[in-house]
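Chains E and V are the protein sequences, given in the same order.
The opening position of the first sequence corresponds to residue 59 in our numbering, with each subsequent residue numbered one higher.
The opening position of the second sequence corresponds to residue 17 in our numbering, with each subsequent residue numbered one higher.
Heads up: the structure comes next, in structure tokens.
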Amino acid sequence: MSDPLDLTATQAANRIAAGELSADELWEAYHRRASADDLNAFTWLAAETTPPGDESASPLGGVPLAVKDLFCTEGVPSQAGSRILEDYRPPYTATVVEQLRDAGAPLLAKTNQDEFAMGSSNENSGFGPVRNPWDRSRVPGGSSGGSAAAVAAGLAPWAIGTDTGGSIRQPAALCGIVGLKPTYGTVSRYGMIAFASSLDQAGPLTRDVTDAALLYSHMVGHDPRDSTSLAHPETIERPQQLDLRGARLGVPEELSGNVEGIEPGVRDTFEATLDLARELGAEVQPCHLPHAPHALAAYYLIAPAEASSNLARFDGVRYGLRADGDSDLRGLYEHTRGQGFGPEVKRRIMLGTYALAAGYYDAYYGRAQRVRTRIAEDFRRAFADFDFVVTPTSPTVAFELGARTEDPLAMYLSDFCTVPMPLAGIPAISIPNGLSGGLPTGFQICGPAFSENRLLGAAHALEQAIGFDGSAARS
Amino acid sequence: MNASARAYEPVIGLEIHVQLSTATKMFCGCRLSFGDPPNTHTCPVCLGLPGALPVTNERSVGFALLIGLALGCELAQRSIFHRKNYFYPDLPKGYQISQYDEPMCRGGHLGDVRIHRVHLEEDAAKLVHAGGSGRIGGSSSSVVDFNRGGTPLVEIVTEPDLHSPEQAREWLTLLRTTMRQLGVSDVNMEEGSLRCDANVSLRPVGSDGLGTKTELKNMNSFRFVERGLRAEIERQRGLLEAGESVMQETLHFDPADGTLTPLRSKEEAHDYRYFPEPDLVPVAVTEEMVAAARAQLPELPAARAERFERDLGLEADRARQLAFRAELGDYFERALAGDGDGVDARALANWVGGELVARVGEADPAQSRVQPDALASLVDLVGAGKVTQGAAKQVLDRLVAEGGDPTQIVEAEGLGAIGGGDELADLVDAAMAANPEAVQSLRDGKDRAVGAIVGHVMRETRGRADGGEVTRLVRAKLGL
């Protein structure tokens, strides 16, 4: 029999269900592999002896799962990549992790991430950067960089992450795997350490589209503990689609044309994938999202504003880091937060605090919210004429560690193509669509709210036609 | 009081926080409690643990609707929660979930005071400061009890329609009774389920403008509200009369020594950075919810006072007294209903609100030994002239002490009124004989001298005689 590590998660689950593979055997194989992690992908690894139990009858078959650090897991470090939560072990488990465990995906590891999901390279982690398995001198993307690198390198069969402005799709693209950011509200946020509440959404990072559909189908559901969550109106199906006949694909000039910053290599694979889509029967036409160029500016007001408030609870009073040496209340706050937060987190807290300040609210936060409404309207208009809107996921392939750390604005541009969708609350998927200079590029497909089945179907058809081989990263 | 002291008129507005008596907290499933061991009613949500999310307590929305209806407010079909951001150890998330520019209720009035707005929010936790002054500055250490954190609160803000500390106190009593009648709160100031802040300023009498106001924080009894306001009005009056100006500031009233101290400006110089709470969906109020709340509305104190006045002929002050203290109104109505003969409602009301309250104080008379129908029959006896006012007060003393039936007490104690017969005539004769100076004065036209004779008879009869009848007899005997 072949190496179980070569199987996709769905294949492994099927083998387990058929009695051809034992869940224990799979667990041990992954545990051994994860223990040898040289990418710094993990912040915590399950004890070797952790028995997966007999999950052969469960829908996910006992296939182990890697979970981004910021999901609360009872008794297990849940630090959101931050020193301020170093070794914080919550007394409860996030709804989505619970759902997946109940469906038969035991917790293998917690994955490294940019601190509080703020970053596009994983260099903002309080626990050191993650390396890209395609080239260890390069970043895996962020903020779910540990999840993406672990799945790409075969250290975990699949993983979950969170996406606020691209934090699932961009690292998936840079690591050559599949990443789905679902419709806002379809996955419970309860137990996810918040970055920007109105944008944060959990989703799968997987080797292929079929795995993404299977994992996502067990993540959805209304959670009475998250009043912004809602039941998905459709059952998430296993994608079978092999062509794109009748599908209308819009290519927004604002996010793909002669946009500054899109590398030629990325443009090449994007064009090649559009050609492939046409061959599969799709109709590909340019479209317009007139406000999309303002998305990044709106995002960098709304997300930091919410973050400045969400991160106020880390004050040293109840949990996490408490700085010594000052008995004064103000000193406790200043020293704890001064020592516990990294520079990017501090930058965003200051940005957000400023954006919400009396006298500036309308000019910044208020205006950003109006831009957000316009962007959602742009998409609605586009979806009147198109089934999907497609763009490159990231303007570049994985960059060298340290290349953008001195220039936050250059770093923020990594999210140029991924930020508009969360602002509109709509789903988007990134699939690997080729290599540029030996590094993976990603193809992003987005659709209207709740269109995940159609999105996964189209992604599946393209995936089959592209035939991307990610095995190099696993060797 | 000199002329200049009367030249200013106080203008007072109140902000009242009412803890709702829902079963669970505002945004989580923890039970509400008072006096339980610290930190025994907490969960990830009300402790502000990372990743926890609030969910609005439906019951609290229903309670706020009841309050809005009772106060005649305009009810918003859609209202939203905001985050009010500031750092303090009693605020575990670093923000309070409150309502800001889209509250549930606007406008309305209670009595003659207009309501500005009513909104929902969550209470902070309780800080206990060891050592020092009992406040955070200067204390050696502080601990936090999160049991209270997240308790649902309704904040009621009035327009500045009150003009004296006494009026403020009376209005608060009305508000408290209204809340109690609605069944939405225990409204117990000692337990902090009703808390009051007051804004106060002075203006020249006759002026329509508003002077610079100060805010008095967190006064925890109606008496302290009245005293605090009085002290602050005097302070402001002193400043204005000395030609100085009032500074806008927040003051803490210390009931122990009656002093007012400014809260440190650092504590109040906040920019709360309000923004819509992204973790919660808007509160949508449907017609059905309003109809259900309306069906639940009991008779409210203001309406009850009106009914007492209109249907039972009570004097306005008496009607308000009984209606604004619901337990008095309830007692009065039970006494009224229990009496088949149709007691005089006005007299009964005066006995309940006057003599009975004088004896039982702030306590609920229903908890005393005086049965409502016993009081009613006592008032009947007085009305029928069988017992005098004075003797009836003695009977009431006995009822308060031991309970029982007034008729039996009157008989057993010989407290029955002495009628107009020979017995009284003889007593009058004796009294006149004993007070020759008074008799002479009466003859000289000094009518008030009759008091000495009446007093003599009363002493002799222990109040059983009718003073009017005695006076009539004296004057008749003297041919006056």
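Just so it is clear, CB atoms sit at the ideal spot from N, CA and C, and this is done for glycine as well.
Discussion item. Quick check on V/H132: does DSSP put it in helix, strand or coil?
Written reply: It is a strand residue.
Practice prompt. Spell out the partners DSSP gives V/Y111 in its beta bridges.
Written response: Residue pairing of V/Y111 in beta bridges, as defined by DSSP: V/N101.
Fill in: E/F508 vs E/P291 beta-carbon contact at 8 Å
For E/F508 and E/P291, yes; Cβs fall inside 8 Å.
Worksheet item: Looking at the unbroken alpha helix (DSSP H) that takes in E/P404, where does it start and where does it end?
Response: A quick correction: the sequence has Lys, not Pro, at residue 404 of chain E. Unbroken alpha helix (DSSP H) run through E/K404: 401–414.
Worksheet item: Going straight from the alpha carbon of E/Q478 to that of V/Q312, what length do you get?
Response: Gln is not the amino acid found at residue 478 of chain E; the sequence shown has Pro there. Spanning the two alpha carbons is a distance of roughly 48 Å.
Worksheet item: So, are the CB atoms of V/V444 and V/K493 less than 8 Å apart?
Response: V/V444 is a Cβ neighbour of V/K493, given a cutoff of 8 Å.
Practice prompt. Measure from the alpha carbon of V/L85 to the alpha carbon of each residue in V/V376, V/F240, V/I249, V/C121, then state which is nearest.
Written response: Nearest C-alpha to V/L85: V/C121.
Worksheet item: Which same chain residues, not among the five before or five after E/Y412, have their C-beta less than 7 Å away from its C-beta?
Response: Residues Y418 of the same chain have their beta carbon placed closer than 7 Å to that of E/Y412, with the five preceding and five following residues left out of the count.
Discussion item. Measuring only the C-alpha atoms, how far is E/T169 from E/I524?
Written reply: Taking C-alpha positions only, E/T169 is separated from E/I524 by approximately 29 Å.
Item to complete: Specify the secondary structure class of V/V486 as computed by DSSP and reduced to three states.
Response: It is helical.
Item to complete: Grab me the residues of V/I32's own chain with a C-beta within less than 6 Å of its C-beta, minus the 5 sequence neighbours each way, in chain order.
Response: Excluding residues within five positions, the ones whose Cβ falls inside 6 Å are I172, C212.
Discussion item. Which residues in chain V have a C-beta closer than 7 Å to the C-beta of E/E364? List them in chain order.
Written reply: Near E/E364 (Cβ distances below 7 Å), the residues of chain V are P294.
Discussion item. For the alpha helix (DSSP H) containing E/I524, name the first residue and the last one.
Written reply: 510–524 is the span of the alpha helix (DSSP H), which, as asked, contains E/I524.
Discussion item. Considering only their Cβ atoms, is the gap separating V/P168 from V/T38 smaller than 8 Å?
Written reply: Yes, they are a contact pair.
Worksheet item: Can you list, in chain order, the residues of the region 103–116 of chain V whose Cβ is nearer than 8 Å to any Cβ on chain E?
Response: When C-beta distances to chain E are compared with 8 Å, the residues of the region 103–116 of chain V below that value are F103, P105, P108, K109, G110, Y111, in chain order.
Practice prompt. Report yes or no: is there a C-beta of chain V within less than 8 Å of the C-beta of E/G304?
Written response: Not one chain V Cβ lies under 8 Å of E/G304.
Discussion item. Assuming V/C62 is part of the alpha helix (DSSP H), what are its boundary residues?
Written reply: Taken as a continuous stretch (DSSP letters only), V/C62 belongs to no alpha helix (DSSP H), as it is neither H nor E.
Worksheet item: chain V beta carbons: is any one of them nearer than 8 Å to that of E/Y242?
Response: Residue-level contact by beta carbon fails for E/Y242 and chain V, as no gap is shorter than 8 Å.
Worksheet item: In whole angstroms, what is the alpha-carbon distance linking E/T241 and E/H280?
Response: Distance between the alpha carbons of E/T241 and E/H280 is about 13 Å.
Discussion item. Using a 10 Å radius around the Cβ and a threshold of 16 neighbouring Cβ atoms, would you call V/K462 buried or exposed?
Written reply: Within a 10 Å sphere around the beta-carbon of V/K462 sit fewer than 16 other beta-carbons, which makes this residue exposed.
Worksheet item: Could one say the Cβ of V/L136 lies closer than 8 Å to chain E's Cβ atoms, at least one of them?
Response: So, not an interface residue.
Item to complete: Run the CB neighbour count on E/R336, radius 10 Å, all protein chains shown included, and call it buried at 16 or more, exposed below.
Response: Exposed.
Worksheet item: Looking at the structure shown, is V/M42 part of a helix, part of a strand, or coil, going by DSSP?
Response: In this structure, V/M42 counts as coil in the three-state DSSP scheme.
Fill in: First through last residue of the alpha helix (DSSP H) which encompasses E/N491
Boundaries for E/N491: no alpha helix (DSSP H) harbours it, while the beta strand (DSSP E) harbouring it runs 486–494, taken from the DSSP string.
Worksheet item: Using a Cβ-Cβ cut-off of 6 Å (strictly less than) and excluding sequence neighbours within five positions of E/D445, which residues of its own chain qualify?
Response: Within the same chain, and ignoring the five residues on either side of E/D445 in sequence, the residues whose Cβ sits closer than 6 Å to its Cβ are A305, R306.
Worksheet item: Terminal residues of the continuous alpha helix (DSSP H) containing V/R211?
Response: Not the alpha helix (DSSP H): V/R211 falls in the beta strand (DSSP E), residues 210–220.
Worksheet item: Relative to the alpha-carbon of V/S76, which residue among V/G88, V/F103, V/M42 has its alpha-carbon at the smallest distance?
Response: Comparing Cα-Cα distances from V/S76 to each of V/G88, V/F103, V/M42, the minimum goes to V/M42.
Fill in: Inter-stretch contact (C-beta, 8 Å, three-pair minimum) for the region 80–99 of chain V and the region 397–412 of chain E
Judged by Cβ distances under 8 Å, the region 80–99 of chain V makes no contact with the region 397–412 of chain E, as fewer than three pairs qualify.
Worksheet item: Count the other CB atoms within 10 Å of the CB of V/E137; is the residue buried (16 or more) or exposed (fewer)?
Response: V/E137 should be labelled buried.
Item to complete: List the residues of chain E whose Cβ lies closer than 9 Å to the Cβ of V/T72, in chain order.
Response: Going along chain E in sequence order, the residues near V/T72 (Cβ under 9 Å) are S285.
Worksheet item: When burial is assigned at 16 or more other CB atoms within 10 Å of the CB, is E/M469 buried or exposed?
Response: With 16 or more Cβ atoms within 10 Å of its Cβ, E/M469 is classed as buried.
Item to complete: Using a Cβ-Cβ cut-off of 8 Å, state whether V/V77 counts as contacting chain E.
Response: Nearest CB-CB separation between V/V77 and chain E: not below the 8 Å threshold.
Worksheet entry | Closer than 8 Å to chain E by CB, V/L198 | Interface with chain E (8 Å Cβ-Cβ cutoff): V/L198 is excluded.
Item to complete: Tell whether a beta-carbon distance below 8 Å holds between E/L63 and E/A99.
Response: It is not a contact, given that the beta carbons lie outside the stated cut-off.
Worksheet item: How big is the Cα-Cα spacing for E/S452 and E/L481?
Response: Distance from the CA of E/S452 to the CA of E/L481, rounded to the nearest whole angstrom, comes to 17 Å.
Worksheet item: Looking at the structure shown, is V/A300 part of a helix, part of a strand, or coil, going by DSSP?
Response: Three-state DSSP puts V/A300 in a strand.
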